[in-house]
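> Got a structure for you, written out below as C-alpha cells; questions coming shortly.
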Amino acid sequence: MLSERVPDFKKSLNPSQFAAVITTDGPVLVIAGAGSGKTRVIEYRVLYLVENKVSPGSILLLTFTRSAAREMISRASRHDPRCKDVEGGTFHSFAYRQLKRYAKRIGFSESFSLLDEGDAGEAVHRCSVKLGFFEKERRLPKKETLRAIISMSINKGTSVGEVLKKDYPHFLEFSADLERLRREYAAYKIAKNYLDYDDLLVYLRLLLEKEEIRDRLSRKYKYIMVDEYQDTNRLQGDIAYLLSEDRRNIMAVGDDAQSIYGFRGASHENIMEFPKRFAECAIIKLEENYRSTQAILDVANAVLENMKNKYSKCLVSARKQAGEKPELLFFKDSHEEAEWIAHTIKTQRDEGVPLAHQAVLFRSQYLSIPLQAELSRRNIPFEVFGGLKFYETAHVKDVMSHLKIVANPKDELAWNRVLTMIDGIGPRTAEHICGEILASASLSEVLDAVLRKHTSGHRYSGGLTRLSSLIKGIHKEGFPVGEQFGLVLDYYMPLLKDRFDDWHLRLNDLETLRQVAARYASLEELLEDFTIEPPERGVWRVEPSTPYEEKPLTLSTIHSAKGLEWECVFLMGLMDGVLPVAFSLDHEDEMEEEQRLFYVGVTRAKTRLVMSLHHEGFRGGITQFNKMSRFVDVPNVLSKLSAKGIPMRVEDRHKEFERGAPLYDKDSLLQRVIDLMEKKDGGGE
DNA sequence: CCGCGGAGTGTTTTT
DNA sequence: CACTCCGCGG
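For the first sequence, our numbering assigns the number 1 to the initial residue and increments by one for each residue that follows.
Now the structure itself:
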C-alpha cells in the first residue's frame, strides 16, 4: 500500500517538502518560509503516517489556532477518511483536555472553571485588594497591567522583576509587591478551583514532570507535530519537549521571520534552540514560494534583508510571470484612504475579483473604523477579524455569567457580576451575599438562603427575587441549552436596555449567540468552548448579506492574518508610530518584531499588494502630521528596491482629492455656521 | 452603601 | 473621544 502511494506524494511535493513528509522518525525541524507550502507538508505527513499504519489517535498536531488544525486534518481526510481521528488543536485546548482527565491528581476538582482574560484581571484585582495594595497613596499599575505582568513572567519563566526591568521600568519599585501578588493570585486560584489560560500550560507541564503521566502520554502520542513553532513560548516549548522526550518523534515547523507574538511571551529562542534540545535533529528548509509573484517577494526580501536572524533566506517565487508592481499610495487623511480602498475593492469586484479574494490588513483595530464606515455606505459585506472580540464585550459577559453560575454554583466571579447588575446592589452588598452563597452546600440551598434572607425590605429585593426564579427556571437537568439561554435573555432584556444606548445592536449579538448556544448538548460544553475556543470571529459586525449570499471581504489585524493568503491585499495605515507602533520605538527587540509583522503583512498577498498611508491624523483633538513607516522609507524598502532596479508604483493621491469633492454639503454647512454663531466650537475640522 | 456626574487620562497585538 | 476613577448627594 505504501509503495503505491509514494509516487503520488512525490508528484504532489517538491523535494524538500517530500523529505519533510517522509522523515517521520526522530526530531525534525522544518524552516518554512512564507508561502512555502507548510500546510501541504503537514497535510501529507499526516496522511503518510496513517497510510503507514500509524493509528490516527497516536498522532498529535499542535497548532496556533483551532481552525488551523481543523483545516489541515480535514485536508488530509479528503485523501483518507481515517485522518479525521488525528488529535489536533492548540496547546491550550490540548492542555485543557488533559487537565480535565487528570485534575484530581494535582488537587483540582474536574469541575474547575476557566478564567478568561477579563475574569483573570478581576481575580488579580481581588487579590491586590486583599493584600492591601490600594490603601496607600501609590500609583499602582491598573489591574489589566498587573495581570499582564504576572502572565508574562509565567510564560517566559522569569521573575516579576525581570519583566518589570524590561517592559515596565517605571513600576520597578513594586517588584517585591508584585512577587507577593503573583503568589497570592496563584493561591487564590487553587483555593477557588480556577484556572486561567496560563495555568492550562503551567499545570500540564507540572503533570508532565511526573514520570507516570509522561509515560502514559508519550505512549499514546507517538508522533507529535507542532506548527508555528516560532510563536511558542517557554512553557509550550517545555511541554513539547517533555511529550516527545522518550520517542523523540517530533516535528517542529516554523519561520523565525514570522515570529510576532513576543508580547504574549513567545520567544523565537524555541525555534533557534531546537537543534540543541534535540541534538540529532534533521533540519529541512522550504524556500520555494508558491504564493506570491516575484514582484511582491522583492518587497518581502527587502524587508527580510533588514532583519537579524539565523535561518531565513531569500524568497524565490515559483510563479512564472513577474507580476504587477506593488503600489505605495499616500492620502491626505484616514477618510480619503478608506474611501479609495473601498472604491478600489468595489471596482475589482466588478471586474471579477470576488470579495473573498481580497483583504485589508492593519496594525491595530482602530485604523479600520473609517474603512468600515465606507464599506457599509457602499453596501460591501465584510467580516472583521482580530481586535476587540465580541465575547469579551460587557453584554455577552453579562449573559454568560448567569449560565456560569448554573454550571458552577461556586463561581465567585460570576456571582459577583450577576449580583452587581441588580439595581441597588453594589460591590459591598454583592460581596456580602456572595460570602453566604459560597458557604452553602448546593445551589438549591443557595436559592433558599438568598430568598429567605434578602428578598424583602431592601431596594434590591425585587431584583433578587427575579434572579432566583430565573436560576430555578434554568437549573434543570437536560433542559436544552438554547432555551436556558433564551430565559437568561428574557431576564436580561430590561437590564440591557437600561445600561446601553446601543442596546439593539447588542441584542443582535445576543440573538446570534443564542443560535450558537442552541447547537450545544450541554452547558458545560458551551462554556468550555467559549473560553478555550471562542466562536468564530465573523459573528461580530457582519454587514447584512447581499441577496445572493456573497462571501464577504476580510478586514483583519496583521496578527490575525497569520497563515492566510489572498489574491489582493491592502496593507493600510503604514505610518511611523503605527507600524512600528510608538511604544516599541525604545526597545530593539520589539522593533524587530514590528518589522516581522510588516513582513507577515506583505507576504499574505498573492498577486496584488497595495500599501498605503495617510498624512493627517488626530491625537487628543489636534491634527498631527504622520510620516511614512520607517520600514518602508528610504533606508529600508524603497532604496533597496530602487538599487536593484525594481521600481514600486509610488503615488501621491493627496492632490487628486484636494481638487475635487465639495468640502461641505448644504446641510452640514448650515449646521457649522449655526455652531459658529453659538460659539459651540465643536472642533469643526 | 449605591449611583450619578464631572474631570482626567491614554490609545496594540491574543490563546 | 471613550473609558475610568473619584467625589458628592440620596
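Every residue, glycine too, gets a C-beta built ideally from N, C-alpha and C.
DSSP state of F390, grouped into three classes?
On the first sequence, residue 390 is found 390 positions in, with the first residue counted as 1. Helix, per DSSP.
> Helix, strand or coil: which one does DSSP assign to T531?
Locating residue 531 in the first sequence gives position 531, where the first residue counts as 1. Helix, per DSSP.
> Can you check whether the CB of E337 is closer than 9 Å to the CB of A295?
Taking the first sequence and counting its residues from 1, the one referred to as residue 295 is at position 295. Taking the first sequence and counting its residues from 1, the one referred to as residue 337 is at position 337. No, these two residues do not count as a Cβ contact at 9 Å.
> Would you report the Cα separation of G478 and S444, rounded to the nearest angstrom?
Working through the first sequence from its first residue, we reach residue 478 at position 478. Working through the first sequence from its first residue, we reach residue 444 at position 444. Straight-line Cα distance between these residues: approximately 17 Å.
> Verify whether the separation of the beta carbon atoms of D119 and L527 is less than 9 Å.
Translated into positions along the first sequence, residue 119 becomes position 119. Translated into positions along the first sequence, residue 527 becomes position 527. Against a cut-off of 9 Å, the Cβ pair of L527 and D119 comes out as no contact.
> According to DSSP, is C281 part of a helix, a strand, or is it coil?
As a position in the first sequence, residue 281 is number 281, starting the count at 1. Coil at C281, not helix or strand.
> Here's the rule I'm using: 16 or more other beta-carbon atoms within 10 Å means buried, otherwise exposed. How should A68 be labelled?
Here residue 68 corresponds to residue number 68 of the first sequence, with the count starting at 1. Burial call: buried.
> So which of S113, F18, I42, V160 has the shortest CA-CA distance to N408?
Walking along the first sequence from the start, residue 408 turns up at place 408. N408 has its Cα closest to that of S113, out of S113, F18, I42, V160.
> Assess contact between the region 602-611 and the region 370-378, defined as three or more Cβ pairs (one per stretch) separated by less than 8 Å. Is contact present?
No, they do not touch.
> If you drop the 5 nearest sequence neighbours on each side, which residues of the same chain put their C-beta closer than 6 Å to that of D85?
Position 85 of the first sequence holds residue 85. Excluding positions up to five away in sequence, the list reads P56, G57.
> Using DSSP with H/G/I as helix, E/B as strand and the rest coil, what is S442?
Indexing the first sequence from 1 puts residue 442 at position 442. Of the three classes helix, strand and coil, the one that applies to S442 here is coil, per DSSP.
> Specify, as a first and last residue, the run of the alpha helix (DSSP H) that C127 falls within.
Within the first sequence, numbered from 1, the residue matching residue 127 stands at position 127. 117-130 is the extent of the alpha helix (DSSP H) around C127.
> In terms of residue numbering, what span does the beta strand (DSSP E) encompassing I106 cover?
Taking the first sequence and counting its residues from 1, one reaches residue 106 at position 106. First-last for I106: undefined, no H or E at that position.
> Would you mind giving the Cβ-Cβ distance between L510 and V399, rounded to the nearest angstrom? I have them listed as a contact below 8 Å.
Your numbering for residue 510 matches position 510 in the first sequence. Your numbering for residue 399 matches position 399 in the first sequence. Confirmed, Cβ separation roughly 6 Å.
> Can F362 and M572 be called in contact, C-beta distance under 9 Å?
As a first step, residue 362 is located in the first sequence; it is residue number 362 there, counting from the start. As a first step, residue 572 is located in the first sequence; it is residue number 572 there, counting from the start. Yes. Within cutoff.
> To the nearest angstrom, report how far apart F64 and D423 are at their CA atoms.
As a working note, residue 64 is residue 64 in the first sequence. As a working note, residue 423 is residue 423 in the first sequence. Cα to Cα, F64 sits roughly 42 Å from D423.
> In terms of residues, what are the limits of the alpha helix (DSSP H) holding A339?
As a working note, residue 339 is residue 339 in the first sequence. Before going further, note that residue 339 is Glu rather than Ala in the sequence given. 334-350 is the span of the alpha helix (DSSP H), which, as asked, contains E339.
> Note the first and the last residue of the continuous beta strand (DSSP E) segment covering S556.
For the purposes of this step, residue 556 is taken as the residue at position 556 of the first sequence. Start and end: 553-557.
> Apart from the five residues on each side of it in sequence, which residues of its chain come closer than 6 Å, Cβ to Cβ, to K38?
Position 38 of the first sequence holds residue 38. Result list for K38: A32, V253, in chain order.
> For V516 and A282, which I take to be in contact (beta-carbon distance under 8 Å), what is that distance rounded to the nearest angstrom?
Here the question's residue 516 lines up with position 516 in the first sequence. Here the question's residue 282 lines up with position 282 in the first sequence. Incorrect: roughly 44 Å between the Cβ atoms, too far for contact.
> Which full runs of the beta strand (DSSP E) of 3+ residues lie inside the region 188-212, going along the chain?
194-196
> Could you name the residues of the same chain whose beta carbon sits closer than 7 Å to that of R608, not counting the 5 residues immediately before and after it, in chain order?
Position 608 of the first sequence, counting from 1, holds the residue named residue 608. Contacts found: E324, E567, C568.
> What does the Cβ neighbour count give for D255, buried or exposed, with the cut at 16 atoms within 10 Å?
The count along the first sequence starts at 1 and reaches residue 255 at position 255. Buried is the call here.
> Hey, is the region 258-266 in contact with the region 94-103, meaning 3+ C-beta pairs nearer than 8 Å?
no
> Can you have a look at E696 and say buried or exposed, based on whether 16 or more other CB atoms are within 10 angstroms of its CB?
Residue 696 is absent from the model: the chain starts at 1 and stops at 685.
> Report the CB separation of A34 from L315 in whole angstroms; it is logged as a contact under 8 Å.
Locating residue 34 in the first sequence gives position 34, where the first residue counts as 1. Locating residue 315 in the first sequence gives position 315, where the first residue counts as 1. The Cβ separation is near 7 Å, so the contact holds.
> What ranges does the alpha helix (DSSP H) occupy inside the region 68-106, keeping only unbroken runs of at least 4 residues that lie completely in it?
91-102
> What's the gap between the Cα of L523 and the Cα of H402?
Sequence index remark: in the first sequence, residue 523 carries index 523 (1-based). Sequence index remark: in the first sequence, residue 402 carries index 402 (1-based). Spanning the two alpha carbons is a distance of roughly 11 Å.
> Report all residues from its chain with a CB closer than 6 Å to the CB of I271; omit the five preceding and five following residues, and keep chain order.
If you number the first sequence from 1, residue 271 lands on position 271. Only Y229, Q230, G254, D256 meet the Cβ criterion.
> Spatial neighbours of L597 within its chain, please: C-beta separation below 8 Å, excluding the five flanking residues on both sides.
On the first sequence, residue 597 is found 597 positions in, with the first residue counted as 1. Counting only Cβ-Cβ distances below 8 Å, and skipping sequence neighbours, we find I260, R363, I558, H559, L579.
> Between E392 and the rest of its own chain, which residues show a CB-CB distance below 8 Å, the 5 nearest in sequence each way excluded?
Counted from its first residue, the first sequence places residue 392 at position 392. Here the set comprises D116, E117, G118.
> Does the region 490-499 come into contact with the region 43-50, if we say contact requires no fewer than three beta-carbon pairs (one atom in each stretch) closer than 8 Å?
no
> If I150 and R126 are in contact, beta carbons under 8 Å, what's the gap, nearest whole angstrom?
For the purposes of this step, residue 150 is taken as the residue at position 150 of the first sequence. For the purposes of this step, residue 126 is taken as the residue at position 126 of the first sequence. Between R126 and I150 the Cβ distance is about 14 Å, and since that is not below 8 Å, they are no contact.
> Apart from the five residues just before and just after E87, which ones in its own chain have a Cβ nearer than 6 Å to its Cβ?
Mapped onto the first sequence, residue 87 falls at position 87. Correct list, in chain order: L60.
> Taking only the alpha-carbon atoms, compute the straight-line gap between K410 and F108 and give it to the nearest angstrom.
Position 410 of the first sequence holds residue 410. Position 108 of the first sequence holds residue 108. Taking the straight line from one Cα to the other gives about 14 Å.
> Starting from G473, trace the beta strand (DSSP E) both ways and give me its first and last residue.
Numbered from 1 along the first sequence, position 473 holds the residue referred to as residue 473. Not the beta strand (DSSP E): G473 falls in the alpha helix (DSSP H), residues 461-474.
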